[in-house]
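In my numbering, the protein residues as written are 57 to 330.
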């Protein structure tokens with residue numbers, strides 16, 4: 057499903073929602089899933105989003121196909137794509153100075169960082185000086201940098217192969233918070249286990265708004281790069297607008313999307329002015 061050409065004279069920035077189908081859940085219609093994501097972005101923003109399916113034999117070919125998208129595609133979101141492949145495509149895109157490219161892992165990492173910071177704040181704790189255990193760290197390598205940018209300075213990483221020698225329950229004992237990406241801890245009503253706060257991928261309710269806000273900022277701001285500094289600014293928005301921090305009405309999805317976009321744009325322009 058290639059991206060349709062722009063109407064004559066149409067110069068408004070667009071966003072491409074791209075997949076190669078390498079990580080599609082069983083029973084999911086890829087074209088329908090991409091259309092749904094594009095429609096949600098269109099509902100939340102004024103930037104036009106288009107679903108695009110690109111099939112390629114390797115990362116290099118896929119990256120080349122993305123670079124060949126129409127010139128007024130201001131940003132790209134990779135979705136339903138193998139995580140390793142998506143990271144490789146994103147890295148190649150950055151190296152070549154191509155249009156901004158956002159991955160699902162980027163969005164998940166930002167969302168989890170925001171939840172972590174807001175959870176620590178809700179408990180009356182500063183991020184610095186409290187121990188966070190990241191289980192399944194290999195699954196989301198970008199999260200560590202975001203946690204550190206947010207002030208979390210005591211991070212213990214754990215991965216499933218460590219279980220035989222270092223059981224997660226032992227590693228997590230005494231931690232202030234556990235981020236369980238590996239699904240290694242038993243189910244826990246209320247998000248806690250033996251007094252520990254546990255966060256999982258299920259706690260990223262704001263992810264669609266994070267993605268939408270970043271894509272709007274990237275598509276509308278020439279030169280904006282999607283990196284840790286920009287992502288950290290977005291995580292801080294999530295921390296500041298969490299239920300524990302808000303003293304006003306809950307934010308609508310469109311308002312949260314706008315704040316994410318504003319934070320990303322502001323962080324970029326602040327960097328330029330240094």
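We put the beta carbon where it would ideally sit given N, CA and C, even for glycine.
What does the Cβ neighbour count give for residue i, buried or exposed, with the cut at 16 atoms within 10 Å?
i	result
residue 245	Confidence at residue 245 is low in this model, with a pLDDT of 48, below 50, so its placement is unreliable and the value that follows should be read with caution. Residue 245 should be labelled exposed.
residue 302	Low local confidence applies: a pLDDT of 48 at residue 302 is under 50, so the model's placement there is unreliable, with the coordinate-based value given in what follows. So residue 302 ends up on the exposed side.
residue 95	exposed
residue 21	The question about residue 21 has no answer here: the residues shown for the chain are numbered 57 through 330.
residue 328	exposed
residue 85	exposed
residue 70	buried
residue 325	exposed
residue 147	exposed
residue 262	buried
residue 321	buried
residue 220	exposed
residue 291	buried
residue 93	buried
residue 64	In this prediction, residue 64 scores a pLDDT of 37, lower than 50, which makes its location untrustworthy; the coordinate-derived value is nonetheless stated afterwards. Residue 64 is exposed by the Cβ-count criterion.
With distance defined between alpha-carbon atoms, name the residue in the options nearest to residue i.
i	options	result
residue 193	184, 74, 265 and 240	240
residue 214	158, 222 and 207	222
residue 172	314, 137, 156 and 199	199
residue 282	258, 225 and 323	323
residue 264	310, 157, 141 and 103	310
residue 121	257, 129, 83 and 112	112
residue 189	220, 178, 314 and 225	225
residue 212	220, 205 and 229	229
residue 143	127, 162, 153 and 131	162
residue 178	296, 89 and 314	296
residue 132	306, 330 and 273	273
residue 103	284, 287, 291 and 277	277
residue 313	99, 259 and 110	99
residue 176	252, 136, 153 and 77	252
residue 153	139, 137 and 123	123
residue 201	77, 286 and 82	286
residue 138	87, 81 and 127	81
Checking 8 Å against the spacing of the C-beta atoms, do residue i and residue j come in under that value?
i	j	result
residue 233	residue 255	yes
residue 294	residue 167	yes
residue 108	residue 72	yes
residue 196	residue 164	yes
residue 174	residue 308	no
residue 319	residue 289	yes
residue 191	residue 235	yes
residue 145	residue 118	yes
residue 218	residue 187	no
residue 149	residue 157	yes
residue 227	residue 266	no
residue 184	residue 170	no
residue 160	residue 134	yes
residue 91	residue 129	no
residue 238	residue 216	yes
residue 141	residue 115	yes
residue 97	residue 105	yes
residue 284	residue 205	yes
residue 77	residue 136	yes
DSSP puts residue i in a beta bridge; with which residues?
i	result
residue 79	Bridge partners of residue 79: none, in fact.
residue 107	73
residue 97	Note: residue 97 sits in no beta bridge, so no partner.
residue 190	213 and 235
For this session: Tell me the start and end of each unbroken beta strand (DSSP E) in the segment 117-176 that is at least 3 residues and wholly inside, in chain order.
Result: List check, beta strand (DSSP E) in window: 129-134 and 157-159.
For this session: Counting only runs of 4+ residues fully inside the segment 207-260, write out the alpha helix (DSSP H) ranges in chain order.
Result: Look at the segment 207-260 and you find these whole runs of alpha helix (DSSP H), each 4 residues long or longer: 224-228.
Problem set entry | Length-filtered (4 minimum) alpha helix (DSSP H) runs lying within the segment 280-323 | Correct list: 284-296.
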